[in-house]
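UniProt numbering puts the first residue of the sequence shown at 1, with every later residue one more than the last. Backbone N, C-alpha and C fix where the C-beta goes; we use that ideal spot for every residue, glycine too. Note that the coordinates shown come from a computational prediction; the quantities given were computed from them, not determined experimentally. Accompanying notes for the structure given below.
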Amino acid sequence: MKMYKIAVIPGDGTGPEVIREGLKVLEAVSRMFNFKTNLQMYDLGGDRYLKTGEVLPDSVLKELRTFDSIYLGAVGHPDVKPGILEKGLLLKLRFDLEQYINLRPVKLFPGVDCPLKDKKPEDIDFVVVRENNEGLYVGEGEFINKGTQNEVAIQVSRNTRRGVERCLRYAFEYTRNRNKAKKLTLCGKTNVLTYAFDLWERVFHEIGEKDYPDIKRDYAHVDATCMWMIKNPEWFDVIVTDNMFGDIITDLGAMIQGGMGIAAGGNIHPGGVSMFEPIGGSAPKYTGKGIINPLAAICAGQMLLDYLGETQAAAAIEKSVIKITSEKLKSLAAGKMGFSTAEVGDMVVQALQK
Ligand code: IPM
Ligand code: MN
1 MKMYKIAVIP GDGTGPEVIR EGLKVLEAVS RMFNFKTNLQ MYDLGGDRYL
51 KTGEVLPDSV LKELRTFDSI YLGAVGHPDV KPGILEKGLL LKLRFDLEQY
101 INLRPVKLFP GVDCPLKDKK PEDIDFVVVR ENNEGLYVGE GEFINKGTQN
151 EVAIQVSRNT RRGVERCLRY AFEYTRNRNK AKKLTLCGKT NVLTYAFDLW
201 ERVFHEIGEK DYPDIKRDYA HVDATCMWMI KNPEWFDVIV TDNMFGDIIT
251 DLGAMIQGGM GIAAGGNIHP GGVSMFEPIG GSAPKYTGKG IINPLAAICA
301 GQMLLDYLGE TQAAAAIEKS VIKITSEKLK SLAAGKMGFS TAEVGDMVVQ
351 ALQK
């Protein structure tokens, strides 16, 4: 029987509550589809930092490298200064484990309220491939004359040929395998960011023409991308973009698919250790109330299994989630589902079918 070693980092706030439901579902599908998960829990996050001062000890990072995947809840604690956990844990994992792709599906499930008038599930079904290791997120920059009237703050976007090319290749391959409209849209800002997106655009067309002639290439500036996502989301199949733009447009994407209660993502290092997470934050105000929606975490578990090759189990989870959104939940918002966090997890388990 196949066995997967999975590191679980429930993290902060509502992270542990939603991961608990995600693990329930993983456990149930593993029995149905005959594989085993060997789970190792890690208490990384705000509480550990406040107690010990540790964010991500080297020894833990070394251990994490030995897993098949990482399942992450949420990072961010109201008593910890913003940036410490985000940079020291989440971004450090993404960078040090070279998870150079952030894969974020934007899919409106049946029964889910969409804020866009007249848009249906068939209109909102695309995937954002966000570069996850470079751009503005490298933390390069400086202050000049800090604290004075002549202060200058510089923040550099670093884009390497290698980093851009591997991200674009992943996006082309993903578009091919997705086998829908076979259209890849590069989202950039070539009219202003004439270094960074000049490189992106050149590599996009160069490798697209040579190695992916079956994939239609399209380009949209990031501001226009936001507009089309609202006006004509059905135009998109796969969008590829840099780290910062990807961060922004995927929050917009989460809203048009029904909110943070359902949006999941994967931090992927092809061939390496990848990490899957609900993309909403730790939601301190809902913590411990049992009212947060666990579907995003459950969908992150689905992506994790899909990535590990358990495609049937992953498909079964999606089917079950769709059954719940279309037949049971009143809303996807915390406190408005009509059920508790644990009840939603239980219903997903009950609805599972081969
Ligand atoms: C995300 C988050 C992170 C990011 C933060 C928490 C550092 O917003 O996963 O999108 O900016 O990437
Ligand atoms: Mn974000």
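Exposure of residue i, with buried meaning 16 or more beta-carbon neighbours within 10 Å
i, result
"residue 150", "exposed"
"residue 71", "buried"
"residue 353", "exposed"
"residue 12", "buried"
"residue 279", "buried"
"residue 293", "buried"
"residue 175", "buried"
"residue 302", "buried"
"residue 107", "buried"
"residue 192", "exposed"
"residue 361", "One cannot answer for residue 361 here, as it falls past the ends of the chain, which runs 1 to 354."
"residue 91", "buried"
"residue 326", "exposed"
"residue 224", "exposed"
"residue 250", "buried"
"residue 17", "buried"
"residue 144", "exposed"
Local conformation of residue i per DSSP, three classes
i, result
"residue 81", "coil"
"residue 224", "helix"
"residue 253", "helix"
"residue 33", "coil"
"residue 65", "coil"
"residue 352", "coil"
"residue 97", "coil"
"residue 318", "helix"
"residue 40", "strand"
"residue 73", "strand"
"residue 263", "coil"
"residue 117", "coil"
"residue 274", "strand"
"residue 163", "helix"
"residue 46", "helix"
"residue 208", "helix"
"residue 135", "strand"
"residue 323", "helix"
"residue 16", "helix"
"residue 203", "helix"
"residue 173", "helix"
"residue 148", "coil"
"residue 307", "helix"
"residue 52", "helix"
"residue 60", "helix"
"residue 25", "helix"
"residue 168", "helix"
Residues bridged to residue i [DSSP beta-bridge criterion]
i, result
"residue 343", "Residue 343 is not bridged to any residue."
"residue 140", "156"
"residue 241", "130 and 187"
"residue 312", "Partner(s): none; residue 312 has no beta bridge."
"residue 217", "184"
"residue 103", "129 and 266"
"residue 5", "38"
"residue 290", "None, per the DSSP bridge assignment."
"residue 11", "74"
Member of the options whose CA lies at the smallest distance from the CA of residue i
i, options, result
"residue 307", "334, 270, 316 and 279", "270"
"residue 57", "70, 43 and 67", "43"
"residue 231", "182, 320, 209 and 114", "114"
"residue 134", "314, 163 and 66", "163"
"residue 161", "141, 203 and 94", "203"
"residue 207", "167, 315 and 311", "167"
"residue 74", "250, 64 and 86", "86"
"residue 221", "28, 214 and 189", "189"
"residue 267", "7, 95, 201 and 227", "95"
"residue 155", "148, 194 and 142", "142"
"residue 194", "213, 158 and 173", "158"
"residue 29", "299, 335, 328 and 327", "299"
"residue 32", "329, 311, 342 and 333", "311"
"residue 78", "132, 66, 14 and 130", "14"
"residue 178", "136, 201, 126 and 200", "126"
"residue 5", "60, 180, 67 and 19", "67"
"residue 105", "62, 129 and 235", "129"
"residue 314", "340, 253, 211 and 25", "25"
"residue 286", "229, 333, 132 and 297", "333"
"residue 284", "1, 21, 46 and 182", "46"
Indicate whether the contact test is met: 3 or more Cβ pairs, each with one atom in the stretch 32-48 and one in the stretch 95-105, closer than 8 Å.
-> The stretch 32-48 vs the stretch 95-105: no contact.
Any contact of the stretch 77-89 with the stretch 238-253, i.e. 3+ C-beta pairs under 8 Å?
-> The way I'd put it, the stretch 77-89 doesn't touch the stretch 238-253; fewer than three beta-carbon pairs between them come closer than 8 Å.
Does the stretch 51-70 come within contact of the stretch 250-261, defined as at least 3 CB pairs closer than 8 Å?
-> Because the criterion of three Cβ pairs below 8 Å is not met, the stretch 51-70 and the stretch 250-261 do not touch.
Is there contact here, the stretch 319-336 with the stretch 344-351, by at least three beta-carbon pairs under 8 Å?
-> Verdict: yes, contact present.
Just checking, does the stretch 116-124 make contact with the stretch 276-290 on the three C-beta pairs under 8 Å criterion?
-> With the cut-off at 8 Å, the stretch 116-124 and the stretch 276-290 do not touch.
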